[in-house]
Amino acid sequence: MPVDPAAAAGPLTVRLKPAQERRVLAGHAWVFSNEIASVEGEGEPGALARVLAADGTLVGAAFYNPRSLIACRMLALGEMVEPDAAFFHSRLSKALAFRQRLKPGGTAYRLCFGESDGLPGLVVDRYDSVLVAQVLSAGIERRLEALSAALQELLKPEAIFLKNDHRARALEGLPAETRVLFGRMPERVEIEEGGLRFVVPLAAGQKTGFYFDQAENRLFLRPYFEGRIVLDLYCYTGAFALNAAKSGAKAVLGIDSSAQAVELARENAALNGAAGLSFEEDDAEAALRSFSQGSQPFQPDMILLDPPSLVPSKKHLAKALRAYGKLNAQALRALPKGGLLASSTCSHHVSREIFVELLRLSAAKAQVPARLLALRGQAGDHPVLLAMPETEYLHFALLERL
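Going letter by letter, the sequence shown gives residues 151 to 552 in our numbering.
The structure is reproduced here in structure tokens:
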């Protein structure tokens, strides 16, 4: 088994301030730099560390990074572990078994969701025979060889691609990069979800290429689409829009500012033989404003609003909530009585409570009564740690204008 060089001479020792171990022992996977009393030993970012409570009791093993506000990312509680290929194989085997129970026979899903699967700072999405990973911690970055070996043994992939362009890498002192870790990667793949086929761009796509986190919400909405005129804003490559068209919607218009996304959305529509479906390259916010002012030749009676995250950090929260509120108010205003709004937000800084209050204020701003038909979250292959609210980031609501 490969041995971590930092662990060869004995791991670092991180001693916490009094009472700071309680949150970690309750299941939260991060130790922040201001919770640390002292660090014994030296090591590069991502080195293995032994975390002790103030009284010397072993809290567990962690990746340590002195450059990050998240100074320790916990790997185990009450014991030390060696993050080698066997360790990765064990954790990924459990993650794979969970997805196989969740999606029997499926080959397209989120295989690993970081801390929720005991692998802090690692995201792996499976696209049949291709795996796309995002590495968001220095600890995982230092062990890519062991990670690759475990993934190859488990899934025999055609390729493993690193989509390391997330801004969170900068907080760990890691550069942005995209590269092939193993094998020969195709530019795009074709996957199946809910009986529909989708072409997915890998290197050039958003996130890892596809939004698996909304998979269950797309299926949930199917009964509501029938007979509706649907406006899908920020439609990306058309997953929501295509579900609407194939579920009996009268007409569907998808709008996205990305020309590449719109072209792929049209290709996905043709791939599935979907009729009554069109896509336009346009600014979604400007288009929504036009619909809310009645300046369009038709009025939708169902709007899908799934904007990108507007909250890169907590200091941006107030500004982002104003922007989200404006979008939702305009969407409600654009709908007739009986119209439906499916609204989402995708930042862990926006809690479920904040999201519901945002919708309440949006309805008040639009001066229209509305009722909440459903409040949902991210798909099951993005499991939420109860003790770690940061792992719950996607909120989804279905509203009806009265």
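Even glycine gets a Cβ: it sits at the ideal position worked out from N, Cα and C.
Assuming TYR386 and LEU490 form a contact by the criterion Cβ under 8 Å, report the distance between their Cβ atoms to the nearest whole angstrom.
In fact, because the Cβ distance is near 20 Å, the residues do not count as touching under 8 Å.
What are the start and end residues of the alpha helix (DSSP H) that includes ARG293?
That residue, ARG293, is in no alpha helix (DSSP H); it is neither H nor E in DSSP.
Note down, in chain order, each residue of its chain lying with its Cβ closer than 8 Å to the Cβ of LEU252, except the 5 sequence neighbours on either side.
TYR259, GLY530 and ASP531
How many Å lie between ALA226 and THR163 at the Cα?
15 Å
Is the stretch 534-551 in contact with the stretch 489-504, if contact means three or more CB pairs nearer than 8 Å?
yes
Which full runs of the alpha helix (DSSP H) of 4+ residues lie inside the stretch 376-430, going along the chain?
389-396 and 409-421
Counted within 10 angstroms of its Cβ, other Cβ atoms place PRO195 as buried (16 or more) or exposed:
buried
CB contact flag (VAL285, ASN314, <8 Å)
yes
Helix, strand or coil for ARG317 per DSSP?
coil
Can you say whether ALA424 is buried or exposed, counting buried as having 16 or more other CB atoms within 10 angstroms of its CB?
buried
Let me make sure I understand the geometry here. Which of PRO161, VAL209, ARG200 and ALA187 has the alpha-carbon closest to that of ARG172?
VAL209
As a quick exercise: from ALA299, SER287 and ARG510, pick the residue whose alpha carbon is nearest that of GLY323.
SER287
For LEU166, which of helix, strand or coil comes out of DSSP?
strand
Out of LYS476, ASN422, ILE453 and ALA481, which has the shortest C-alpha to C-alpha gap to SER442?
ALA481
In whole angstroms, what separates the C-alpha of SER408 from that of GLU295?
35 Å
Rounded to whole angstroms, what is the Cα-Cα separation between ARG439 and ALA479?
10 Å
Those residues which DSSP pairs with THR495 across a bridge
HIS545
Helix, strand or coil for PHE348 per DSSP?
strand
Exposed unless 16 or more other CB atoms sit within 10 angstroms - verdict on ALA158:
Annotation note: pLDDT 38 at ALA158 (below 50); position unreliable, coordinate value reported separately. Exposed is the call here.
With H, G and I counted as helix, E and B as strand and the rest as coil, what does DSSP make of GLN284?
strand
Rounded separation between ILE310 and LEU485 - CA only:
44 Å
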